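Student: Once you've had a glance at the structure underneath, I'll fire off some questions.
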Amino acid sequence: MKTATYRRGDGGLPARAAAFCLLALAVTLLQAREARAQWTSGGGTSSTTDNVGIGTTTPAVPLQIRVPSGDVITRLSNAGGAAGALDLRYKFEFSQHRMGLTDGNGQWMFYTRYAPSNADSVGFFPGRVGVGTETPGYPLTVRANTNIAPLNLIGGTGSVEIWKDANPLPSKAVAFGSAIPGSPAGDDINLSTYNGSAWASRLTVVNATGNVGIGTTAPQQKLHVMGSIQAQGTNVNGDISVMSADPTKGYWDFYSSGVNGSMGFYDVLSVTLPLTIEKAAPSHSFYIKSNGNLGIGTNAPAAKLDVNGDIRVSGNINAKYQDVAEWVPSVQKLAA
């Protein structure tokens, strides 16, 4: 049997084995050098053009940090430790993906709740939020210090809804905007209310004409009310004024007195009372039928003037074919 003879190197290892070790060491050094070559240092800074991974060996973006659910991703802090820390946190809780800011104790200061559709994602701010002010007195306070609107809403129905509650719909709510909620946006302005089951327009301002409708969405005049109107004054009278373009020429007031239930018209400038009707029960004091018959004391006038009661005339009565009987004083008995 033949025996192989190996030349030993200075280290006491076979020459071939030593060569392999030297080759492996060279490769390692080259890899380390290549790794170090990815970073450039100078002027107190270090930089690299490659992706950097923390918690992952396969970063897909310039800086990728991978942490377990609920862990802090980045912390900014001062000498106060956790009490003075601001953490960027991702947390999966209550079957929701949440990303936002917490304090050092894990209390949310702001977070967004992820949803497959961005339209269903939400943002949450605890406490009060101020825009244009550092002292918000309400959950949301917006202040504009210039001649611009403090709030600008674009798109959707163009409406603002104020809900009393939500479970999931409100029991009572009010909306103001260019559409009744649930309807496409239009050109008119609507004030709508929700009664617990449906929205309804209560006041409409037509953009094209300026007509205002109450109880109707198609007002035909500057003020169009579908339903009854009640005018009640601060004292005992309720007034409705009707005036021309020049009120200095005089205008009329329709009034209702709460003292005796009377109503009438008068000229505001001269304070004359050309017409007053006092309440009478059970019959009407003054009644005009569609055929032109006028009843006083009756609501069923059978003639052009039908008076139920006495008539007192301080002047003359001029009429065609007069037939008037009256009492005449006499000192003796008169023949028929």
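Just so it is clear: in the sequence shown, position 131 is 385 by this note's numbering, and no numbers are missing.
All C-beta atoms, glycine included, are put in the ideal place defined by N, C-alpha and C.
It should be emphasised that the depicted structure is a prediction, and the values quoted were computed from it without experimental measurement.
#1: Rounded to the nearest angstrom, how far is the Cβ of G412 from that of G384, given a contact under 8 Å?
#2: Have a look at the DSSP bridge pairing and note the partners of T356.
#3: Residue range of the beta strand (DSSP E) that I542 falls in?
#4: Residues bridged to W417 by DSSP?
#5: Judging by CA-CA distance, which residue of T470, T387, N421 is the nearest neighbour of N399?
#6: What residue range does the beta strand (DSSP E) around Q318 cover?
#7: Where A427 and G360 are concerned, what is the direct C-alpha to C-alpha distance, given to the nearest angstrom?
#8: Would DSSP call N444 helix, strand or coil?
#9: Taking the alpha carbon of H351 as the reference point, which residue from A339, T366, D441, M480 has its own alpha carbon closest?
#10: Kindly indicate which three-state DSSP category D374 falls into: helix, strand or coil?
#11: Helix, strand or coil for T502, going by three-state DSSP, please let me know.
#12: Output the boundary residues of the beta strand (DSSP E) element that contains S455.
#13: Based on the DSSP secondary-structure assignment, which residues constitute the bridge partners of W581?
#14: Find the nearest neighbour of S524 within the set G469, P501, P380, I531, judged by alpha-carbon distance.
#15: Looking only at C-alpha atoms, which of N449, N444, S495 sits nearest to S425?
#16: Going by the CB atoms, is the gap between G309 and V321 shorter than 8 Å?
#17: Measuring alpha carbon to alpha carbon, tell me which of G481, S451, L457, L477 ends up nearest A420.
#18: For L331, which of D357, I571, L477, G377 has the nearest alpha-carbon?
#19: What does a CB cutoff of less than 8 Å around T447 pick up in its chain, not counting 5 residues either side in sequence?
#20: If I follow the unbroken beta strand (DSSP E) through I550, where does it start and stop?
#21: Express the C-alpha separation of I565 and K587 in angstroms, rounding to a whole number.
#22: Ordered along the chain, which non-local residues of its own chain (more than five positions away) have a Cβ less than 6 Å from that of D441?
Tutor: The answer reads as follows:
#1: G412 to G384, Cβ: 25 Å. No contact.
#2: Its beta-bridge partners are D341, W362.
#3: Note, I542: beta strand (DSSP E), 540-542.
#4: According to DSSP, W417 bridges with A427.
#5: Comparing Cα positions, the closest option is T387.
#6: Here the beta strand (DSSP E) through Q318 covers 317-319.
#7: Answer to the nearest angstrom: the Cα atoms are 36 Å apart.
#8: Here N444 sits in strand by DSSP.
#9: Scanning A339, T366, D441, M480 for the CA closest to the CA of H351 turns up T366.
#10: In the displayed model, D374 falls within a helix according to three-state DSSP.
#11: Helix, per DSSP.
#12: 453-459 is the span of the beta strand (DSSP E), which, as asked, contains S455.
#13: Its beta-bridge partners do not exist; DSSP assigns none.
#14: That would be P501, whose Cα lies nearest to the Cα of S524.
#15: Put simply, of N449, N444, S495 the residue whose alpha carbon is nearest the alpha carbon of S425 is N449.
#16: The answer is yes: Cβ separation under 8 Å.
#17: S451 is the residue among G481, S451, L457, L477 whose C-alpha sits nearest the C-alpha of A420.
#18: Note that residue 331 is Ser in the sequence shown, not Leu. If we check each option's Cα against that of S331, D357 comes out closest.
#19: Closer than 8 Å at Cβ, skipping near neighbours: K426, A427, V428, A429, W453, A454, R456.
#20: Run containing I550: 548-550, per the beta strand (DSSP E) assignment.
#21: Each residue's Cα considered, the two are about 27 Å apart.
#22: Closer than 6 Å at Cβ, skipping near neighbours: N461.
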